[in-house]
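Residue numbers (our numbering): 14 to 740. Ideal placement from N, C-alpha and C gives every residue a C-beta, glycine not left out. Bear in mind that the values here come from a model prediction, so they are computed numbers and not experimental data. Take a look at the structure set out below.
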Ligand SMILES: [Zn+2]
Ligand SMILES: [Zn+2]
């Protein structure tokens with residue numbers, strides 16, 4: 014849709030207004046989807062031409078669009094995606110547009126930089142240094158280079174190059190700073206595939222060829238070659254001239270993945286995550302929009318990049334909880350990937366060894382294609398799994414390693430193999446207790462206990478991140494020397510292991526012990542190469558790192574995730590235990606996984622031990638089905654928060670009373686109740702839970718329902734569709 018100069022246009026901005034604003038089209042006109050700069054009060058803001066103006070403003074007061082930005086217009090498909098995603102997550106459109114315009118300097122003119130190319134002139138005097146520069150320049154084959162690159166390549170000082178520029182032997186040119194990414198070659202041969210992998214890849218290629226929407230659940234155990242298989246789909250997508258996106262959790266640790274991509278396609282993909290520089294982010298956004306980036310590897314927010322012809326989205330480790338954005342716009346990247354692909358006629362591959370129940374159920378229902386990869390590539394089987402019944406073990410108070418587990422570790426030490434002791438608890442101890450008065454040290458602004466981190470000599474709140482020094486005296490009764498650590502954390506477990514195995518080299522892997530992702534990555538590489546005999550780790554170690562020398566995994570507290578009222582507790586425990594167990598026995602040797610548990614007969618523990626995954630999913634699905642819970646029913650969480658406790662409860666009660674918009678569609682509301690963590694950063698939190706039968710237009714009803722009440726500057730209301738966590 015085209016607008017001539019002076020026509021009324023509606024512009025959506027990122028400002029928190031509940032509507033589009035009318036402007037007059039600028040000199041030279043504009044088209045629907047154009048990124049524009051418009052005046053708003055005394056400021057200039059960025060927006061998108063969303064359609065024809067509404068015409069309900071005083072025409073005399075209408076202002077003109079200042080300019081159309083030098084970037085391709087937002088495509089209809091992207092506008093439809095943002096609109097549908099906003100409706101699904103009950104998010105205001107300006108907040109959705111913010112997700113789609115996270116390019117630094119979007120409104121700036123394309124920035125330029127000076128590059129050097131060979132000129133025609135010959136310098137009057139040719140020195141040895143000057144020869145080196147000309148040779149280095151020739152080696153680039155006419156490609157432009159920066160002065161810094163040439164200084165480095167020729168090993169000369171900048172003044173030598175300046176002399177050659179003055180003599181006309183080298184020319185300076187201005188070129189755009191944001192250059193296209195090096196082309197990837199899909200025709201390069203990949204790693205040889207096994208017949209099973211070949212067949213799996215074939216299923217994916219079929220979808221890519223069709224250039225139509227479809228979702229495939231690619232299920233395969235760790236080491237089964239899932240990545241090789243979906244990289245074949247990426248290759249086919251690139252060969253078709255379309256763009257591909259791979260989403261990864263824990264993106265900071267993806268260097269290994271990028272190297273694999275480079276090996277397959279001869280160049281690195283574009284990257285989009287919080288770890289890349291602002292300059293690279295700007296380049297990535299622009300090049301995705303202009304087609305100069307064909308393959309992007311990124312975190313969940315990469316879904317909102319302005320792809321021009323997206324043909325494939327891979328969501329690797331699709332069950333990972335980090336795909337759910339838990340702040341600001343509450344969305345699940347897995348669901349949004351499916352939505353975006355359906356609008357772009359693209360394929361989705363959901364890859365996992367332990368799929369989410371939602372994806373499993375969608376495959377069961379025939380909505381997704383399911384492709385299984387069985388055998389572990391280059392290795393025989395999953396580790397042998399067994400429970401250690403803690404009721405029969407003698408473990409002294411304040412200790413957590415059972416005699417059976419110690420014997421197994423000792424055997425590994427004697428054989429020169431690695432063991433992993435897994436405990437999903439950071440810090441030294443979860444509780445610090447006064448033995449004189451029973452006081453537990455809590456956070457001042459959250460209803461949470463402070464966790465002792467002995468390496469850092471601090472107490473830390475895992476909710477808000479507040480830290481303080483470990484006090485000498487009890488803050489309540491002032492008794493000195495009476496504070497005691499209660500319960501295990503990885504640091505304390507490391508202490509116990511050092512005592513039990515005095516000659517072993519012990520390494521602790523926990524995210525808070527490393528200053529940077531780079532330092533952590535370096536440590537992981539060293540450990541994988543054999544720098545430790547015993548690894549002690551949190552769930553960080555469950556996420557896809559390869560430890561080829563590891564043959565034993567000991568799970569310290571397999572019951573940890575089974576407590577609590579979380580709908581997904583069983584599913585999470587099952588996934589985590591399977592992933593951790595999957596770390597053992599990667600190369601030729603079959604590994605062993607031992608689970609310390611007080612409930613060896615619990616259905617989840619039994620399912621983990623027998624390895625009968627389908628039985629576990631069926632049982633879990635049956636329970637959720639009977640209870641009308643997701644994915645067999647709809648659910649939404651409402652979190653109200655305010656510094657004023659009375660205010661949140663009053664609002665919660667008002668919502669509960671005025672439930673008509675919900676009951677009209679058959680939805681039920683529960684609460685208000687204090688949230689499991691009833692106070693975070695000084696804000697009191699109250700929850701309501703809404704459930705509805707599947708197929709109900711829940712979002713519309715929710716919008717009418719919450720629209721009845723007013724929130725103030727201090728009072729926040731957040732709607733979480735399909736909540737993943739219940740904190
Ligand atoms: Zn005390
Ligand atoms: Zn706190």
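By alpha-carbon positions, which one of the options ends up nearest to residue i?
i: residue 399; options: 623, 561 and 510; result: 623
i: residue 373; options: 109, 691, 34 and 629; result: 629
i: residue 277; options: 244, 290, 537 and 212; result: 244
i: residue 73; options: 89, 37, 287 and 54; result: 37
i: residue 236; options: 271, 184, 97 and 386; result: 386
i: residue 683; options: 693, 669 and 694; result: 669
i: residue 211; options: 182, 241 and 199; result: 241
i: residue 718; options: 726, 708, 489 and 702; result: 702
i: residue 21; options: 67, 31, 57 and 537; result: 67
i: residue 431; options: 545, 479 and 555; result: 545
i: residue 75; options: 52, 587, 92 and 344; result: 52
i: residue 290; options: 118, 341, 508 and 412; result: 118
i: residue 637; options: 269, 704 and 481; result: 704
i: residue 174; options: 190, 199 and 148; result: 148
i: residue 692; options: 654, 720 and 714; result: 654
i: residue 318; options: 331, 304, 329 and 626; result: 304
i: residue 499; options: 453, 592, 298 and 153; result: 453
So, with DSSP's three-state summary, where would you put residue i?
i: residue 70; result: coil
i: residue 48; result: strand
i: residue 734; result: strand
i: residue 602; result: coil
i: residue 24; result: strand
i: residue 432; result: strand
i: residue 683; result: strand
i: residue 335; result: helix
i: residue 345; result: strand
i: residue 285; result: strand
i: residue 249; result: helix
i: residue 43; result: strand
i: residue 722; result: coil
i: residue 455; result: strand
i: residue 716; result: helix
i: residue 638; result: helix
i: residue 607; result: strand
i: residue 392; result: Residue placement at residue 392 is flagged as unreliable, the pLDDT there being 46, under the threshold of 50; a coordinate-derived value is accordingly withheld.
Do residue i and residue j have their C-beta atoms closer together than 8 Å?
i: residue 650; j: residue 736; result: yes
i: residue 59; j: residue 120; result: yes
i: residue 229; j: residue 217; result: yes
i: residue 475; j: residue 441; result: no
i: residue 510; j: residue 519; result: yes
i: residue 282; j: residue 301; result: no
i: residue 250; j: residue 192; result: no
i: residue 46; j: residue 17; result: no
i: residue 177; j: residue 146; result: yes
i: residue 685; j: residue 700; result: yes
i: residue 280; j: residue 195; result: yes
i: residue 663; j: residue 727; result: no
i: residue 566; j: residue 597; result: yes
i: residue 113; j: residue 144; result: no
i: residue 110; j: residue 44; result: no
i: residue 734; j: residue 103; result: yes
i: residue 320; j: residue 247; result: no
i: residue 439; j: residue 523; result: yes
i: residue 125; j: residue 85; result: no
i: residue 48; j: residue 87; result: yes
i: residue 513; j: residue 607; result: no
i: residue 502; j: residue 564; result: no
Going by DSSP, which residues form a beta bridge with residue i?
i: residue 189; result: 125
i: residue 77; result: 37
i: residue 729; result: 654
i: residue 522; result: 550
i: residue 278; result: Note: residue 278 sits in no beta bridge, so no partner.
i: residue 701; result: 651
i: residue 360; result: 227 and 325
i: residue 219; result: None, per the DSSP bridge assignment.
i: residue 474; result: 463
Heavy atom of ligand 4 less than 7 Å from the Cβ of residue i, yes or no?
i: residue 449; result: For the structure depicted, ligand 4 is absent and the ligand set comprises only ligand 1 and ligand 2.
**OP:** Quick one: residues with CB closer than 6 Å to any heavy atom of ligand 2, in chain order, please.
**Re:** Matched residues: 456, 458, 459, 461, 474, 476, 477 and 479.
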